[in-house]
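Residue numbers (my numbering), protein chains in the order written: chain P, 280 to 681; chain U, 800 to 952; chain W, 33 to 277.
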Amino acid sequence: MKKIEYTKIKGHSVPYYGLLAGLGFMILLGLIATWYMEHNGHYVTGMTNQIVWGMPHVFAVFLIVAASGALNVASIASVFGKKIYDPLSRLSALLAIALLAGGLVVLLLDLGRPDRLIVAITTYNFKSIFAWNIILYTGFFGIVGAYIWMMMDHNMYKFKKKVGLAAFVWRLVLTTGTGSIFGFLVARSAYDAALMAPMFIIMSFSFGLAIFILVLMASYNWTGRELGDAVIARLRNLLGVFVAAVLYFAIVYHVTNLYITEHHGVEKFILRDGGIYTNLFWFGQILIGGLIPLALIYAPAVKTCRKTLGLVSTMIIFGGLCQMYVIIIGGQAYPMEMFPGYEVSSTFYDGVVGQYSPSLPEVILGLSGVAVSLLLVTFAIKVLGFLPTSLADSIADPHASK
Amino acid sequence: MSKRFLRISLIFIGSILLFPAQGMAGTPFPLIHEPEGEGVECVEDEDEMRRNHMNYILHQRDKTMHEGIRTETYSLSKCIDCHVQPNDKGEVPTHENKEHFCVACHQYASVQIDCFECHADRPQKFIKRDSKPQALRQQLQEVLAEKDMGDAQ
Amino acid sequence: MSDQINDSRRSFLSKAAIAGSITIAPGVFLHQTAQAKPDDQAVSSKTRWGMLIDTDKCAKGCTGCVDACNNEHSLTGHGRPETDTQYIRKVSLVEKQTGHEISLPLMCQHCENPPCVDVCPTGASFKREDGIVLVDKHICIGCRYCMMACPYKARSFIHEVIENQTLSAPRGKGTVESCTMCTHRVDKDGIPACVEACTEDDHNAMIFGDLNDPNSEISKELKKHGGKQIRADLQLNTGVRYQGL
């Protein structure tokens with residue numbers, strides 16, 4: 280394998296500035312939406328006392344989970360020594376930081392008291408997994424930042440493996456923490472499962488890689504750099520494995536619940552009676568997010584087609600958002616089982632399915648988080664050498680003849 | 800980026816930041832209405848209170864909140880009872896009004912406080928309360944009635 | 033001679049006084065523990081406040097406790113039942129198999145092992161020494177994780193700007209709140225507004241008292257007739273117990 284050269288992109292063109300402007304505008308809309316929600320109070324959103332976490336959290340958790348997964352490519356190179364992923368490591372680490380930043384922005388701006396951010400990062404209840412997550416997220420920035428430094432600084436290159444290992448372990452703990460936010464809750468039938476943590480880890484692999492592939496293909500396509508088939512083929516196969524793994528975890532989760540009589544109510548709700556949640560589960564998560572991508576990844580006819588890979592990655596991202604929606608909002612919508620065997624009614628909507636319809640400010644806030652992530656990447660690749668000048672097969676493929 | 804461009808943008812940003820200084824010339828000095836009554840004194844010295852009132856308030860709030868200690872000396876509501884009084888026209892200022900005892904200084908010093916997002920900003924006797932709480936129950940009952948009718952259908 | 037008589041009288045009187053005070057002393061000490069906690073004394077874990085609700089005495093259409101609570105804390109409605117705060121609500125139950133009907137008030141259960149306290153990132157959701165679970169709104173950041181975690185859906189988020197608050201309930205936009213067991217009353221030797229209303233209307237479905245005091249009305253009633261926790265399988269050891277469930 281030849282020595283890889285990394286260069287900044289030129290970033291002079293009108294479309295480039297247009298992209299920056301567009302993303303900046305989206306962020307501005309997000310700030311306006313935040314001001315509107317914070318100034319008036321959350322009654323202007325779709326979130327209520329029954330559904331307390333809504334669209335912003337769907338986007339935020341998706342971005343945070345994907346952030347940890349985006350680091351995968353770098354980890355496979357540094358920790359597991361697969362050389363073909365080595366040139367991709369810098370972009371992988373950059374994307375990880377960018378996605379996490381976007382997710383955190385959404386999460387923090389949705390707080391009831393975002394002005395108390397200082398309190399949140401200085402006052403900790405260490406029994407809370409949320410508190411640990413705050414430490415894990417801020418530490419992630421530090422460790423991955425150091426990782427990028429190791430990758431870019433010629434003198435520090437020898438420490439890359441150790442820092443890469445630390446980053447790998449850190450993000451496993453981080454994603455376990457994110458899954459445990461739900462897994463630790465005894466109150467709701469859809470949560471309260473140790474499986475949530477590893478399930479989130481597997482989801483992170485899948486979503487993170489899908490986003491990475493899209494960003495990689497877009498940045499090479501739009502800057503006219505060469506991206507060889509060897510790299511694409513490896514990424515595609517890896518993506519297929521991860522999608523299959525996510526489906527496996529979904530199967531285990533639901534089959535287990537179907538066995539447990541206590542959980543039949545919530546399973547009937549998600550799988551059959553839940554209206555929007557049932558539709559998003561079967562069509563969004565399973566079909567569009569799982570089965571069709573698997574078919575397209577492995578079908579001989581379209582295996583090598585890059586447009587198909589782009590489509591597949593987009594479908595996986597859509598399926599991932601659907602999965603988050605079903606978990607986060609579906610899990611809250613199903614009424615708490617306080618009085619098993621009784622029909623329950625009250626003025627506080629006990630015993631009934633919680634109603635939720637996402638409001639525009641919430642969706643805009645979520646999308647602006649995506650815009651923050653993309654803006655960070657778009658800007659960073661112009662400022663520093665994150666992208667290899669060429670990933671042609673002759674350069675990138677470790678098995679290519681010299 | 801050229802040095803010239805950098806210089807110009809720095810000057811531009813600097814001048815924007817200096818704008819508020821112009822405004823300061825026009826900010827009115829806070830007028831604090833002393834509580835009336837003979838022998839009425841604050842719980843601490845004026846100088847001490849000017850510098851450290853926040854410490855007393857913060858300390859008291861933790862004691863009341865976490866330990867249930869409800870002594871009245873440094874109680875926020877007692878401060879309000881004394882310091883927030885009707886003005887010459889008989890109106891009692893709310894925390895949106897810069898005549899309010901706390902707001903007058905805090906706005907001048909540009910130190911934001913959020914006490915009155917939760918705490919009453921004037922003595923209870925000046926707060927008109929209508930029978931809203933009943934309205935809550937009525938609304939909720941209407942919701943229940945609608946649902947019952949829906950079930951019956 | 034008079035000295036002798038005086039001496040024996042003196043010794044008799046002193047012995048009688050000692051005997052008398054030894055007899056009375058326990059009564060005096062007991063009386064002291066039943067007095068109000070002084071304002072400058074911190075609450076202690078010697079007390080654990082709890083409530084006992086007899087659902088057989090709770091009438092389906094009655095909302096006395098709810099009205100009293102709303103009045104006490106000046107909880108206004110905004111015409112938005114999905115986001116308006118409810119510290120306490122009446123719940124109607126119909127058993128599917130038998131058709132048996134139950135009515136009960138449901139509020140924060142003041143658990144001994146509260147999930148809401150475990151999950152709060154800043155520690156704003158906390159349990160006082162005397163067992164009352166509260167939200168310290170000074171450090172609440174409004175993340176609503178405690179609302180996700182509460183098995184009784186006891187907490188409400190304040191979705192709008194609040195004005196004209198009462199002394200007993202400082203509350204404002206962007207924080208989470210729930211039943212405080214009327215700490216402003218209890219700390220001054222009172223009882224919660226809901227219990228007072230239920231008792232004054234002669235329904236007597238709610239008892240409030242010290243679970244750690246074996247002689248309190250609530251402890252004696254619990255010992256004799258028992259009291260169930262809602263979602264007892266979660267083993268949270270709630271301070272609010274129900275009979276007739």
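Yeah, the Cβ is synthetic: ideal placement off N, Cα and C, and Gly gets one too.
Opening and closing residue of the beta strand (DSSP E) in which GLY241(W) lies: Against the third sequence, residue 241(W) aligns to sequence position 209. 238 to 242 is the span of the beta strand (DSSP E), which, as asked, contains GLY241(W).
Got a sec: is the Cβ-Cβ distance from VAL193(W) to anything in chain P below 9 Å? The count along the third sequence starts at 1 and reaches residue 193(W) at position 161. Cβ-Cβ to chain P under 9 Å: yes for VAL193(W).
For MET248(P) versus ARG585(P), is the C-beta distance shorter than 9 Å? Absent from the structure is residue 248(P), since the part of chain P shown begins at 280 and ends at 681.
Which of the three DSSP states, helix, strand or coil, is assigned to MET139(W)? Here the question's residue 139(W) lines up with position 107 in the third sequence. Correct three-state label for MET139(W): coil.
Along chain W, which residues have their Cβ under 7 Å away from the Cβ of LYS406(P)? Position 127 of the first sequence holds residue 406(P). In chain order: ASP150.
So, is the C-beta of ALA944(U) closer than 9 Å to a C-beta in chain W? As a working mapping, residue 944(U) is identified with position 145 in the second sequence. Output row for ALA944(U): interface = no.
Less than 9 Å between CB atoms is the rule here; does ALA181(W) satisfy it with respect to chain P? For the purposes of this step, residue 181(W) is taken as residue 149 along the third sequence, with counting starting at 1. Yes, because at least one Cβ of chain P sits closer than 9 Å to the Cβ of ALA181(W).
So CYS143(W) and SER210(W) are supposed to be a Cβ contact under 8 Å. How far apart are they, rounded? Counting from one through the third sequence, the residue named residue 143(W) turns up at place 111. Counting from one through the third sequence, the residue named residue 210(W) turns up at place 178. Going by Cβ atoms, the distance from CYS143(W) to SER210(W) rounds to 12 Å, so no, they are not a contact pair.
What in chain U is Cβ-close to ARG203(W), meaning under 7 Å? On the third sequence, position 171 is the one that residue 203(W) refers to. Correct list: CYS917.
So, are the CB atoms of ILE607(P) and SER485(P) less than 9 Å apart? Residue 607(P) sits at position 328 when you count from the first residue of the first sequence. Residue 485(P) sits at position 206 when you count from the first residue of the first sequence. In this structure, ILE607(P) keeps its C-beta atom at 9 Å or more from the C-beta atom of SER485(P).
Among the residues of its own chain, which have a CB less than 6 Å from the CB of THR198(W), if the five just before and after it don't count? Indexing the third sequence from 1 puts residue 198(W) at position 166. SER106, listed in sequence order.
Assuming the contact rule is C-beta atoms closer than 8 Å, PRO677(P) and TYR285(P) should be a hit. Round their C-beta distance to whole Å, please. Your numbering for residue 677(P) matches position 398 in the first sequence. Your numbering for residue 285(P) matches position 6 in the first sequence. 18 Å between Cβ atoms; not a contact.
Do you know whose CA, among GLU114(W), GLY82(W), SER40(W), GLN73(W), lies nearest MET238(W)'s CA? Along the third sequence, one-based indexing puts residue 238(W) at 206. Looking only at GLU114(W), GLY82(W), SER40(W), GLN73(W), the smallest Cα-Cα distance to MET238(W) is reached by GLY82(W).
Taking C-alpha atoms, which residue in ASP887(U), ARG869(U), VAL842(U), ARG860(U) lies nearest to CYS881(U)? The count along the second sequence starts at 1 and reaches residue 881(U) at position 82. The candidate whose alpha carbon is nearest that of CYS881(U) is VAL842(U).
Could you tell me which residues DSSP puts in a beta bridge with GLU546(P)? Within the first sequence, numbered from 1, the residue matching residue 546(P) stands at position 267. Note: GLU546(P) sits in no beta bridge, so no partner.
What is the DSSP secondary structure of PRO667(P), reduced to helix, strand or coil? The residue labelled residue 667(P) in the question sits at position 388 within the first sequence. It is a strand residue.
Answer with yes or no whether the minimum CB distance from GLU898(U) to chain W is below 9 Å. Stepping through the second sequence from its first residue, residue 898(U) is reached at position 99. Not an interface residue.
Which residues mark the beginning and the end of the alpha helix (DSSP H) in which GLY297(P) is found? The residue labelled residue 297(P) in the question sits at position 18 within the first sequence. Residues 293 to 319.
Listed by chain order, chain W residues near THR327(P) by CB distance under 7 Å: To locate residue 327(P), count along the first sequence from 1; it is residue 48. THR327(P) reaches chain W at GLU114, THR115, counting residues in chain order whose Cβ is nearer than 7 Å.
Top-ranked residue by Cα proximity to ILE555(P), from THR417(P), SER652(P), HIS291(P), GLN634(P): Locating residue 555(P) in the first sequence gives position 276, counting from the first residue. Closest by alpha carbon: GLN634(P).
By Cβ distance, which residues of its chain are closer than 6 Å to CYS214(W), with the 5 residues on each side in sequence left out? Taking the first residue of the third sequence as position 1, residue 214(W) is located at position 182. Around CYS214(W), the same chain offers PRO224, ALA225 as residues with beta carbons nearer than 6 Å, after the five sequence neighbours per side are excluded.
Out of VAL352(P), LEU444(P), TRP314(P), GLY360(P), which one is the CA nearest neighbour of LEU390(P)? Indexing the first sequence from 1 puts residue 390(P) at position 111. Of the listed residues, the one whose Cα sits closest to LEU390(P) is TRP314(P).
In chain W, what lies closer than 7 Å to SER624(P) by C-beta? Taking the first sequence and counting its residues from 1, the one referred to as residue 624(P) is at position 345. Near SER624(P) (Cβ distances below 7 Å), the residues of chain W are SER124.
Run through the stretch 518 to 583 of chain P for me and flag every whole beta strand (DSSP E) of 3 or more residues, listed as ranges in chain order. For the stretch 518 to 583 of chain P, not a single whole beta strand (DSSP E) run of length 3 or above is found.
Could you please give the first and the last residue of the uninterrupted alpha helix (DSSP H) stretch that includes PHE461(P)? Start at 1 with the first residue of the first sequence, and residue 461(P) comes out as number 182. 439 to 462 is the span of the alpha helix (DSSP H), which, as asked, contains PHE461(P).
Collapsed DSSP secondary structure at PHE804(U) in the structure displayed: On the second sequence, residue 804(U) is found 5 positions in, with the first residue counted as 1. PHE804(U): helix per DSSP, three-state reduction.
Counting only C-beta atoms, is LYS128(W) closer than 9 Å to chain P at any point? Here residue 128(W) is taken as the residue at index 96 of the third sequence, counted from 1. Taking Cβ atoms only, chain P reaches closer than 9 Å to LYS128(W), which makes this a yes.
For the beta strand (DSSP E) that contains PHE158(W), what are its first and last residues? Indexing the third sequence from 1 puts residue 158(W) at position 126. That run of the beta strand (DSSP E) goes 157 to 159.
Quick check: the Cα distance between THR154(W) and GLU840(U), rounded to an integer number of angstroms? On the third sequence, residue 154(W) is found 122 positions in, with the first residue counted as 1. On the second sequence, residue 840(U) is found 41 positions in, with the first residue counted as 1. Looking at the two C-alpha atoms, the distance is approximately 38 Å.
Here's a check: name, in chain order, each residue in its chain whose Cβ is nearer than 7 Å to the Cβ of LEU655(P), leaving out the five neighbours to either side. Position 376 of the first sequence, counted from the start, is the residue given in the question as residue 655(P). Answer for LEU655(P): ALA377, ALA380, listed in chain order.
Is it right to say PRO640(P) is buried, meaning 16 or more other beta carbons lie within 10 angstroms of its own, or is it exposed? Taking the first sequence and counting its residues from 1, the one referred to as residue 640(P) is at position 361. Looking at its Cβ environment, which holds 16 or more other Cβ atoms inside 10 Å, PRO640(P) is buried.
Do you know whose CA, among VAL891(U), PHE915(U), ILE807(U), SER801(U), lies nearest LYS927(U)'s CA? Stepping through the second sequence from its first residue, residue 927(U) is reached at position 128. Nearest C-alpha to LYS927(U): VAL891(U).
Going along chain W, which residues have a C-beta under 8 Å from HIS865(U)? Position 66 of the second sequence, counting from 1, holds the residue named residue 865(U). Under the 8 Å cutoff, chain W gives PHE158, ARG160, ASP168.
9 Å Cβ cutoff, LYS862(U) in contact with chain W: Locating residue 862(U) in the second sequence gives position 63, counting from the first residue. Yes - at least one Cβ of chain W is within 9 Å of the one on LYS862(U).
Please identify, using Cβ separations under 9 Å, the residues of the stretch 213 to 231 of chain W that lie next to chain U, in order along the chain. THR215, HIS216, VAL218, ASP219, LYS220
Proximal chain W residues relative to ALA410(P), where beta-carbon distance stays under 7 Å: As a first step, residue 410(P) must be located in the first sequence, where it is residue number 131. What ALA410(P) touches in chain W: PRO153.
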